[in-house]
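All the letters of the sequence shown, read from the start, carry residue numbers 1 to 478 under UniProt numbering. Heads up: the structure comes next, in structure tokens.
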Amino acid sequence: MLTISDIVIALVSLFLLNSFRVFVRARCQNTLPIPPGPLCLPIIGSLLSIPTHVPGKVYAAWSRKYKSDLIAVRAFGQLSIIINSKQAAQELYERRSAVFADRPRWTMLELTGWNFAASFTPYSQEWRAQRKILNHSLHPSVTPMHNPILLTKVQTLLTNLYVKPEDFRQHLHHHAASNVMAIAYGYDVKRANDPFVDVGTRALLTLADCQLPGARMVNAMPMMRYLPHWLPGMGFMSYTARAKALVSELQDGPFAYAKRSLIDGTACPSLASAQLELNDAQGGGVEGEKTLKRALATFFAGKTVTVFASSILALVLHPSVQKRAQAELDRVVGHSRLPTFEDQPSLPYISAICREAMRWNVPVPLAVAHSPTQDEIYDGMLIPEGAAVMLNAWGILHDPETYPDPETFKPERFLTAEGALNDDDLQVVFGFGRRSCVGVHLANERRGRKRDYCQCRVQGRTRQVSMISATSDTVFGN
Ligand code: HEM
């Protein structure tokens, strides 16, 4: 029978072994310095300094303090490097994309099963297969086919907001989920307590626990997963088992629904039905279906309500912005109908509000970590192979040199002197390089402009399609 002191010795040995491994690797690798950062103590590293509240703000301040685009923090031997400038992000993620296209292997992602998602899978054959499906489904020539769904769902949202404005959060969540489930699976989300949405939402909540540096010791010391479950500090194992069941159900439930409805002839057009038919036609078999199931479940992870909520908050806090937006709508749309996709080019101020909402309250403030597959040198600093590299989108979008008075909500910063939209396409919000957001064409109205009135082939027929409007895009994407 193990005693408490045996357990303590085992855990300390694990710590030391891990720290020694990191130390030896650092010595053998290179004598170049890693990027600067806060005080690093033995074993716990800079854990005590790692910010939990608006981390992007703290990292940006450190970047200014140390006069360096890159900042490094460590927790239990895991090195994280934070990129604080657009130039550095483009250099590393775009120009060196072959090296920076991998993701760190967080043990928690593996234990909870979240590593199924395209966003977290290593740079591998599985990632390529999922990304191909997603690229195809979210290509700018294809996304306009979702417009009818988006318009119908927006009308339901507006009715709900009008009837019960105090429940706006609930309406926004319901709306985002309805869009995703209709587009991906042809599924009509129930008004309340929808079983698929319930599972998906609970699964998403477990994601936050998987990625933060230092959030879970097991991320830093993967060997811990092999220790007996009854040891103190091993409670995370039962947590991950529960999370894994939810993550699996998130993939299986809606996919089984889509397959069933295809077989019994009740399927609504959706990505699932189109891709299942394609998989059959191409003889993709069971493996093809598995990849498709995972790729579609990634859609649910692309659903957040941040941009909706920040747009509403901004309009409530800034009545003058609301007044100017209303005046633009009245002038372009009039009072007898709702805006449509065709109106969007004539609504630059509304588009500027959507962009400013994403800049002001960045939806993904510290973007998903990348991991270099070999040592890289940037500006005389070493970025070691396997480090977790994160883009501080919040810091870049609140840099006072690019965005003067950055805490203030000012849609005008996205307009030219003539009142047209300027060229700041907010790419920082969606990331750079091979792992950049695949949903960008659905979520960002600017790119939509380029496909205005383009001809596209949808299910064998050529039809005239129009662009996605800023309002519905933002409503969908976030
Ligand atoms: C305003 C809405 C959205 C924002 C701000 C956003 C932002 C991001 C960011 C920052 C990344 C990480 C980029 C990187 O690793 O460098 C990402 C990745 C991703 N996004 Fe989005 N996203 C949005 C909407 C969507 C939508 C609607 C989908 C639809 C499925 C989607 C699917 C994905 C996927 C699959 C990835 C992983 C790409 C990969 O690792 O290859 N996103 N997104």
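Backbone N, C-alpha and C fix where the C-beta goes; we use that ideal spot for every residue, glycine too. What you are looking at is a predicted structure, and each value in this text was computed from that prediction instead of being measured.
Note: Ala75 is bridge-paired with Gln78 in the DSSP secondary-structure output.
Just so you know, the alpha carbons of Phe236 and Leu205 end up roughly 15 Å apart.
In the structure shown, Asp264 falls within a coil segment according to DSSP collapsed to helix, strand and coil. Where Leu391 is concerned, the enclosing beta strand (DSSP E) starts and stops at 388 to 391. Straight through space, the alpha carbons of Arg294 and Leu227 are spaced by roughly 30 Å. If you compare the alpha carbons of Ser351, Arg202, Gly419 with that of Leu426, the shortest gap goes to Ser351.
With a cut-off of 6 Å, the C-beta of Pro104 is classified as distant from the ligand HEM, since no heavy atom of the ligand falls inside that distance. Beta-bridge partners assigned by DSSP to His370: Val389. Under the three-state reduction of DSSP, Gly45 is assigned to strand. Fewer than three Cβ pairs drawn from the region 34 to 48 and the region 350 to 365 lie within less than 8 Å of each other, which leaves the two stretches out of contact. Each of Gln87, Gly77, Arg74 was checked against the Cα of Thr402, and the nearest Cα belongs to Gln87. In this structure, Leu250 lies near Val199, with their beta-carbon atoms less than 7 Å apart. Distance from the CA atom of Phe255 to the CA atom of Val154, rounded to whole angstroms, is 25 Å. Annotation for Ala75: Ile44, Gly45, Ser46, Leu47, Ile50, Pro213, Gly214, Ala220 place their beta carbon closer than 8 Å to its own, counting only its chain and skipping 5 residues before and after.
Assignment of Leu415 by DSSP, reduced to helix, strand and coil, places it in the strand class. Counting only the Cα atoms, Leu32 lies some 32 Å from Cys437. Two segments are said to touch when three or more pairs of C-beta atoms, one from each, lie closer than 8 Å; by this definition the region 305 to 314 does not touch the region 186 to 199.
Per DSSP, the unbroken beta strand (DSSP E) holding Tyr378 starts and ends at 376 to 378. Assigned with DSSP and collapsed to three states, Leu382 falls in strand. Short note on Ser119: C-beta closer than 6 Å to some heavy atom of the ligand HEM. Look at Ile353 here: in three-state DSSP terms it is helix. Rounded to whole angstroms, the separation of the alpha carbons of Leu109 and Gly77 is 18 Å.
In the DSSP assignment, Pro55 falls within the alpha helix (DSSP H) that extends over 55 to 65. The closest CA to that of Ala98, considering only Asn84, Met381, His441, Phe432, is found on Phe432. Taking the CA atoms as reference points, Asp209 sits about 45 Å from Asp330. Ala367 has its Cβ nearer than 6 Å to a heavy atom of the ligand HEM. Met223 is classed as exposed because its beta carbon has fewer than 16 other beta carbons within 10 Å across all chains shown.
Taking all protein chains shown into account, Ile183 has 16 or more neighbouring C-beta atoms within 10 Å of its C-beta and is therefore buried. With a beta-carbon spacing of about 13 Å, Glu94 and Tyr378 fall beyond the 8 Å limit used to define contacts. Here Pro165 has no same chain residue with a Cβ atom under 8 Å from its own Cβ, once five neighbours each way along the sequence are excluded.
In the displayed model, Leu70 falls within a strand according to three-state DSSP. In terms of side-chain proximity, the C-beta atom of Arg435 is found nearer than 6 Å to a non-hydrogen atom of the ligand HEM.
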